[in-house]
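Chain order of the listed sequences is A and B.
Okay, so the first sequence: first residue is 1 according to the UniProt record's numbering, each after it adds one.
Okay, so the second sequence: first residue is 1 according to the UniProt record's numbering, each after it adds one.
Everything below concerns the one structure shown next.
There are 2 protein chains.
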Amino acid sequence: MGKFKVELKKVVDDSYDILIGHNLKRTLVEDISNGLLGKIKKFAIITDTNVLDIYAQPIYDLLVEKNYKADIFIVQAGEKSKTRETKSKIEDAMLEKGYRRDCAVIAIGGGVVSDLAGFLAGTYGRGVPFITYATTLLAAADASIGGKTAVDTPLATNLIGLFNQPKKVYIDLEAWKTLPDRQMYSGMAETIKHACMASKELFDFLQKNMEKIYSNDITACEYIANYNCEIKYKVVMKDERESGLREVLNLGHTFGRAIETVSDYRLLHGEAVAIGLVAQAYLAKEKGYMTESDVKKVIALLKKANLPTEIPEYIDREKLIEKLYTDKKVRDGKLRFVLEKGIGDVVCFGENLYATPISEEEIRNIINNYFE
Amino acid sequence: MGKFKVELKKVVDDSYDILIGHNLKRTLVEDISNGLLGKIKKFAIITDTNVLDIYAQPIYDLLVEKNYKADIFIVQAGEKSKTRETKSKIEDAMLEKGYRRDCAVIAIGGGVVSDLAGFLAGTYGRGVPFITYATTLLAAADASIGGKTAVDTPLATNLIGLFNQPKKVYIDLEAWKTLPDRQMYSGMAETIKHACMASKELFDFLQKNMEKIYSNDITACEYIANYNCEIKYKVVMKDERESGLREVLNLGHTFGRAIETVSDYRLLHGEAVAIGLVAQAYLAKEKGYMTESDVKKVIALLKKANLPTEIPEYIDREKLIEKLYTDKKVRDGKLRFVLEKGIGDVVCFGENLYATPISEEEIRNIINNYFE
Ligand SMILES: NC(=O)c1ccc[n+]([C@@H]2O[C@H](COP(=O)([O-])OP(=O)(O)OC[C@H]3O[C@@H](n4cnc5c(N)ncnc54)[C@H](O)[C@@H]3O)[C@@H](O)[C@H]2O)c1
Ligand SMILES: NC(=O)c1ccc[n+]([C@@H]2O[C@H](COP(=O)([O-])OP(=O)(O)OC[C@H]3O[C@@H](n4cnc5c(N)ncnc54)[C@H](O)[C@@H]3O)[C@@H](O)[C@H]2O)c1
Numbered sequence: 001m002g003k004f005k006v007e008l009k010k011v012v013d014d015s016y017d018i019l020i021g022h023n024l025k026r027t028l029v030e031d032i033s034n035g036l037l038g039k040i041k042k043f044a045i046i047t048d049t050n051v052l053d054i055y056a057q058p059i060y061d062l063l064v065e066k067n068y069k070a071d072i073f074i075v076q077a078g079e080k081s082k083t084r085e086t087k088s089k090i091e092d093a094m095l096e097k098g099y100r101r102d103c104a105v106i107a108i109g110g111g112v113v114s115d116l117a118g119f120l121a122g123t124y125g126r127g128v129p130f131i132t133y134a135t136t137l138l139a140a141a142d143a144s145i146g147g148k149t150a151v152d153t154p155l156a157t158n159l160i161g162l163f164n165q166p167k168k169v170y171i172d173l174e175a176w177k178t179l180p181d182r183q184m185y186s187g188m189a190e191t192i193k194h195a196c197m198a199s200k201e202l203f204d205f206l207q208k209n210m211e212k213i214y215s216n217d218i219t220a221c222e223y224i225a226n227y228n229c230e231i232k233y234k235v236v237m238k239d240e241r242e243s244g245l246r247e248v249l250n251l252g253h254t255f256g257r258a259i260e261t262v263s264d265y266r267l268l269h270g271e272a273v274a275i276g277l278v279a280q281a282y283l284a285k286e287k288g289y290m291t292e293s294d295v296k297k298v299i300a301l302l303k304k305a306n307l308p309t310e311i312p313e314y315i316d317r318e319k320l321i322e323k324l325y326t327d328k329k330v331r332d333g334k335l336r337f338v339l340e341k342g343i344g345d346v347v348c349f350g351e352n353l354y355a356t357p358i359s360e361e362e363i364r365n366i367i368n369n370y371f372e
Numbered sequence: 001m002g003k004f005k006v007e008l009k010k011v012v013d014d015s016y017d018i019l020i021g022h023n024l025k026r027t028l029v030e031d032i033s034n035g036l037l038g039k040i041k042k043f044a045i046i047t048d049t050n051v052l053d054i055y056a057q058p059i060y061d062l063l064v065e066k067n068y069k070a071d072i073f074i075v076q077a078g079e080k081s082k083t084r085e086t087k088s089k090i091e092d093a094m095l096e097k098g099y100r101r102d103c104a105v106i107a108i109g110g111g112v113v114s115d116l117a118g119f120l121a122g123t124y125g126r127g128v129p130f131i132t133y134a135t136t137l138l139a140a141a142d143a144s145i146g147g148k149t150a151v152d153t154p155l156a157t158n159l160i161g162l163f164n165q166p167k168k169v170y171i172d173l174e175a176w177k178t179l180p181d182r183q184m185y186s187g188m189a190e191t192i193k194h195a196c197m198a199s200k201e202l203f204d205f206l207q208k209n210m211e212k213i214y215s216n217d218i219t220a221c222e223y224i225a226n227y228n229c230e231i232k233y234k235v236v237m238k239d240e241r242e243s244g245l246r247e248v249l250n251l252g253h254t255f256g257r258a259i260e261t262v263s264d265y266r267l268l269h270g271e272a273v274a275i276g277l278v279a280q281a282y283l284a285k286e287k288g289y290m291t292e293s294d295v296k297k298v299i300a301l302l303k304k305a306n307l308p309t310e311i312p313e314y315i316d317r318e319k320l321i322e323k324l325y326t327d328k329k330v331r332d333g334k335l336r337f338v339l340e341k342g343i344g345d346v347v348c349f350g351e352n353l354y355a356t357p358i359s360e361e362e363i364r365n366i367i368n369n370y371f372e
């Protein structure tokens, strides 16, 4: 018998910058010229059909102008493109065009594009660098921070993927102007979630400035983009691999994901989260963590953001309960919810312990007696 | 404009043990009981059709005996299984059987299985732990150390994958008994490569003990298994991500890979490497790094190991040259070869500089005047 110890202990620095601003296309290309990605000269731009003309093509043109080699790889817009098959197709197209280990990936679009492209970059040539140019509020608030990348499979969403940190993230606030309203609202749900779980100040700001944000007021948009980063960043920094603290980000999501699935994706993710935020607020009130007036404030803010706060009629409530209770997180017949405490805080039972056990009966009560 | 620095600097410890011994099936399961993988209780065993009955089924039985949940996922034996499609199929089968993030992967087989399973483990649920039970000499000598995992695509071998370190590697020397002779010889080529590049002592040992190894003498097999680990380990430890030093492991491989491809995989990888070792020795002699007698010793050892030392007749030599010179490593019309210096050392031009430029003319000379 022989035994070997392979010693592989080392310091890894995956730190990166997030830049928030108006129209950052030139800045991105300048950063590359200034050595952001070292000596890399070949760029695979990954984008979707909606984002192509408005953001990807202009960045491509700027890169080519500077004599970089670049190609655009386009996926059909929408969640359905976030698959292993799309990933393989892009890989094959990149190989065909001679991309090897000496390239970098630039993801231009929303969360679908950055999840897919970030995952692809992580396995291409066993990992090439990537940067993200985020064009949706949802990507700005959520997908662009934390290093989670993934694709969906027929049996699970976001289960096949990697933790893979970008080299830099660009949050283009100007891109929110071309974003369809419903997508903007959906992204706002995650912003409201951040406010509910971590910042009364942000909550108050949103109450006062929703119209400004929705009419693309520069200062207001910058304010929420910064705040979103700060809140998610603080959580992610402390818990890069989801050991516990990240759990708080699930505020509104346990219920939200269930209703999203039962709606068969008629609800956008943020819309489902909005209803989930209402549900957890009702639960928090039942448990004594929120006052009636706090709950009303949350609902009013979601309404102001043009987000749903009621369970749509087409949802089969029994199916919803069933979906919740077949969830992997059910233990001893109890679901575990993150609950809000007042406005801007969550219920916490000790270090990294955020889960309140909720029985089927309690949920049933909320669904049947609190929602219309 | 706002700017955020996401700070993600941390110490990562990917160290792991390699255990070399005779029949380590029980040891593996005991290690798991003793907490090698923490509290994990669900194991996805990945294996191939040849290895299933002899090694995977017995390990499965031992796990089930200890009340672990386990399932065997079987791929068709052979390089053709190392694809994204096979990976997807296993992922779907695992999802179907309820595997989520709380499982571990056990790869049982040769390099094909460990490359595929190690990659799969790295992206399943954004990464679950895996261990490798290596049943071929090639896996023992090469594939099990270094953390490289990958699959092949129609346009490139081993290009889509990850650096992903196992939690432990088991090298079962008894498994070499059931290994087909040709596979054993093929694995020996990598062992001889290690000797040529790094150890006169190992070289001498192989000269004296080849018959013993091939008749499964315990001490001799243990000796080479240990030596292989030591040599590859030393290189890998210093250069986990292939910045330079790992280059030395390419001894015999530049020529080897080209002839492997041109043979349309009639040559096994190790057989191709054997011919590549001869080619580099001829080049080294031409350049004055090896004596005629050293070259003869290398050839004699390869012959003793039942490995080819001549270019097979069916190989189109012009195609071979063409293949070499379309290689990605060609710079200014010159290929870059790692060359042996005497026996047990390589030519080195400074820290991490191992590449000797070789012109097409020089290769042509070797192919036409040195080989039969
Ligand atoms: N990685 C993470 O941590 C994380 C976090 C949250 C969500 N996500 C993922 O993000 C995805 C949802 O993100 P999303 O809402 O950005 O989805 P998305 O990328 O599909 O974008 C939404 C829609 O808006 C279009 N679009 C994007 N930018 C535009 C612009 N500036 N102008 C006009 N149209 C534009 C897109 O083409 C698409 O049709 C989901 O797949 C989700 O799983 C990931
Ligand atoms: N990751 C790395 O660093 C690395 C290094 C070298 C090679 N590789 C990869 O390893 C692969 C080659 O490895 P390999 O030669 O082990 O290939 P392999 O896994 O295909 O095994 C060779 C053959 O032997 C059979 N077999 C395996 N163990 C057996 C046993 N004990 N008894 C009877 N039959 C057995 C297999 O079914 C297969 O038919 C290639 O895909 C190569 O790319 C990877």
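Glycine included, C-beta positions come from ideal geometry on N, C-alpha and C.
1) Measure the C-alpha to C-alpha separation of Val298 (chain B) and Met237 (chain B) and round it to an integer number of angstroms.
2) To the nearest angstrom, how far is the alpha carbon of Lys212 (chain B) from that of Tyr124 (chain A)?
3) Compare the C-alpha of Phe203 (chain A) against each of A:Glu372, A:Gly344, A:Lys232 and A:Lys80 and name the closest.
4) Could you list which residues in chain B have their beta carbon closer than 8 Å to that of Gln165 (chain A), in chain order?
5) Per DSSP, Gly2 (chain A) is paired with what?
6) For Gly252 (chain A) versus Gln280 (chain A), is the C-beta distance shorter than 7 Å?
7) To the nearest angstrom, how far is the alpha carbon of Lys66 (chain A) from that of Lys167 (chain A)?
8) Is Thr261 (chain A) near ligand 1, in the sense that its beta carbon is under 6 Å from a heavy atom of that ligand?
9) Flag Thr123 (chain A) as yes if its beta-carbon sits less than 7 Å from any beta-carbon of chain B, otherwise no.
10) Determine contact between the stretch 114 to 129 of chain A and the stretch 78 to 88 of chain A, defined as no fewer than three beta-carbon pairs at a distance below 8 Å.
11) List, in order along the chain, the chain A residues whose C-beta lies closer than 9 Å to that of Glu96 (chain B)?
12) Hey, would you say the C-beta of Asp142 (chain B) is under 6 Å away from at least one heavy atom of ligand 2?
13) Which chain D residues are close to Ser88 (chain A), counting only those with a beta carbon under 8 Å from its beta carbon?
14) How big is the Cα-Cα spacing for Leu245 (chain B) and Tyr354 (chain B)?
15) Is Ser199 (chain A) close to chain B? Criterion is C-beta to C-beta, closer than 7 Å.
16) Could you tell me if the beta carbon of Leu138 (chain A) falls within a distance shorter than 6 Å of some heavy atom in ligand 4?
17) Could you check whether the Cβ of Arg126 (chain B) sits closer than 7 Å to any Cβ belonging to chain A?
18) Ignore the nearest five residues each way along the sequence and tell me which others in Thr149 (chain B)'s own chain have a CB closer than 6 Å to its CB.
19) Could you check whether the stretch 183 to 191 of chain B touches the stretch 29 to 46 of chain B, counting it as contact only if at least three pairs of C-beta atoms, one from each stretch, sit closer than 8 Å?
20) In chain order, which continuous runs of the beta strand (DSSP E) of length 3 or greater are located wholly inside the stretch 29 to 58 of chain B?
21) Cβ closer than 8 Å: which chain A residues qualify as neighbours of Asn226 (chain B)?
22) Compare the C-alpha of Tyr170 (chain B) against each of B:Arg100, B:Val29, B:Thr219 and B:Leu268 and name the closest.
23) Any beta carbon of chain B sitting closer than 7 Å to that of Asp71 (chain A)?
24) The UniProt domain "3-dehydroquinate synthase C-terminal" (187 to 330) of chain A: which residues have C-beta closer than 8 Å to a C-beta of chain B, in chain order?
25) By alpha-carbon positions, which one of A:Glu292, A:Val278 and A:Arg317 ends up nearest to Val338 (chain A)?
26) Output the distance between the C-alpha atoms of Asp17 (chain A) and Lys25 (chain A), rounded to the nearest integer angstrom.
27) I want to verify the contact list: residues of chain B whose CB lies under 9 Å from the CB of Val12 (chain A), in sequence order.
28) Closest to Glu79 (chain A) by C-alpha separation, out of A:His269, A:Gly98 and A:Ile46, would be which residue?
29) Is there at least one Cβ from chain B nearer than 7 Å to Asp17 (chain A)'s Cβ?
30) Below 8 Å between beta carbons is the criterion; list the residues of the stretch 107 to 122 of chain A that meet it against any residue of chain B, in chain order.
31) I'd like to check one pair, Ser144 (chain A) with Thr157 (chain A): are the Cβ atoms closer than 7 Å?
32) Quick check on Leu155 (chain A): buried or exposed, where buried means 16 or more other Cβ atoms within 10 Å of its Cβ?
33) Please give the ranges of any beta strand (DSSP E) in the stretch 109 to 177 of chain A, keeping only runs that are unbroken, at least 3 residues long and fully inside the region.
34) State yes or no: is the beta carbon of Leu335 (chain A) nearer than 7 Å to at least one beta carbon in chain B?
35) Between Lys304 (chain A) and the rest of its own chain, which residues show a CB-CB distance below 6 Å, the 5 nearest in sequence each way excluded?
36) So what does Leu335 (chain A) bridge to, in DSSP terms?
In this structure, then:
1) In the second sequence, residue 298 (chain B) corresponds to position 298, counting from 1. In the second sequence, residue 237 (chain B) corresponds to position 237, counting from 1. So the alpha carbons of these two residues sit roughly 27 Å apart.
2) Start at 1 with the first residue of the second sequence, and residue 212 (chain B) comes out as number 212. Start at 1 with the first residue of the first sequence, and residue 124 (chain A) comes out as number 124. Near 42 Å, if we compare the C-alpha coordinates of Tyr124 (chain A) and Lys212 (chain B).
3) Locating residue 203 (chain A) in the first sequence gives position 203, counting from the first residue. When each option's Cα is compared against that of Phe203 (chain A), the closest is A:Gly344.
4) By one-based count along the first sequence, residue 165 (chain A) stands at place 165. Val6 and Leu8, listed in chain order.
5) Within the first sequence, residue 2 (chain A) is the residue found at index 2, counting from 1. Answer is B:Ile20.
6) What you label residue 252 (chain A) is simply residue 252 of the first sequence in a count that begins at 1. What you label residue 280 (chain A) is simply residue 280 of the first sequence in a count that begins at 1. Yes, the pair counts as a contact, with Cβ atoms nearer than the cut-off.
7) The count along the first sequence starts at 1 and reaches residue 66 (chain A) at position 66. The count along the first sequence starts at 1 and reaches residue 167 (chain A) at position 167. Those two C-alpha atoms are separated by around 20 Å.
8) Numbered from its first residue, the first sequence carries residue 261 (chain A) at position 261. No, ligand 1 has no heavy atom inside 6 Å of this Cβ.
9) Residue numbering aside, residue 123 (chain A) sits at position 123 when the first sequence is read from its first letter. Yes, contact with chain B.
10) yes
11) By one-based count along the second sequence, residue 96 (chain B) stands at place 96. Residues of chain A passing the Cβ test: Leu155.
12) Stepping through the second sequence from its first residue, residue 142 (chain B) is reached at position 142. Yes, the beta carbon of Asp142 (chain B) sits closer than 6 Å to at least one heavy atom of ligand 2.
13) Absence of chain D from the displayed structure is noted, the protein chains being A and B.
14) Taking the second sequence and counting its residues from 1, the one referred to as residue 245 (chain B) is at position 245. Taking the second sequence and counting its residues from 1, the one referred to as residue 354 (chain B) is at position 354. Whole-angstrom Cα-Cα distance: 8 Å.
15) The count along the first sequence starts at 1 and reaches residue 199 (chain A) at position 199. So no, Ser199 (chain A) is outside the interface.
16) Inclusion of ligand 4 in the displayed structure is not the case, the ligand content consisting of ligand 1 and ligand 2 alone.
17) In the second sequence, counting from the first residue as 1, residue 126 (chain B) sits at position 126. Yes, contact with chain A.
18) Walking along the second sequence from the start, residue 149 (chain B) turns up at place 149. Answer for Thr149 (chain B): Asp115, Gly118, Phe119, Gly161, Leu162 and Asn164, listed in chain order.
19) no
20) 42 to 48
21) What you label residue 226 (chain B) is simply residue 226 of the second sequence in a count that begins at 1. Neighbours of Asn226 (chain B) on chain A, chain order: Gly2 and Phe4.
22) If you number the second sequence from 1, residue 170 (chain B) lands on position 170. When each option's Cα is compared against that of Tyr170 (chain B), the closest is B:Val29.
23) Within the first sequence, the letter at position 71 stands for residue 71 (chain A). It does not: the Cβ of Asp71 (chain A) has no partner Cβ on chain B nearer than 7 Å.
24) Glu222, Ala225, Asn226, Cys229, Glu230, Tyr233, Val236, Met237, Glu240 and Lys328
25) As a first step, residue 338 (chain A) is located in the first sequence; it is residue number 338 there, counting from the start. Nearest of A:Glu292, A:Val278 and A:Arg317 to Val338 (chain A), Cα basis: A:Val278.
26) Reading the first sequence from its first residue, position 17 is the one you call residue 17 (chain A). Reading the first sequence from its first residue, position 25 is the one you call residue 25 (chain A). Going from the Cα of Asp17 (chain A) to the Cα of Lys25 (chain A) covers about 16 Å.
27) Locating residue 12 (chain A) in the first sequence gives position 12, where the first residue counts as 1. Per Cβ cutoff of 9 Å: Leu8, Lys9, Lys10, Val11 and Val12.
28) In the first sequence, counting from the first residue as 1, residue 79 (chain A) sits at position 79. The shortest C-alpha separation from Glu79 (chain A) is found at A:His269.
29) As a working mapping, residue 17 (chain A) is identified with position 17 in the first sequence. Answer yes: the Cβ-Cβ gap between Asp17 (chain A) and chain B drops below 7 Å somewhere.
30) Phe119 and Gly122
31) Within the first sequence, residue 157 (chain A) is the residue found at index 157, counting from 1. Within the first sequence, residue 144 (chain A) is the residue found at index 144, counting from 1. Cβ atoms of Thr157 (chain A) and Ser144 (chain A): not closer than 7 Å.
32) As a position in the first sequence, residue 155 (chain A) is number 155, starting the count at 1. By the neighbour-count rule (16 or more Cβ atoms within 10 Å), Leu155 (chain A) is not buried but exposed.
33) 130 to 134, 148 to 153, 156 to 163 and 168 to 172
34) Here the question's residue 335 (chain A) lines up with position 335 in the first sequence. Not an interface residue.
35) Here residue 304 (chain A) is taken as the residue at index 304 of the first sequence, counted from 1. Met210, listed in sequence order.
36) For the purposes of this step, residue 335 (chain A) is taken as residue 335 along the first sequence, with counting starting at 1. Note: Leu335 (chain A) sits in a beta bridge opposite A:Ile358.
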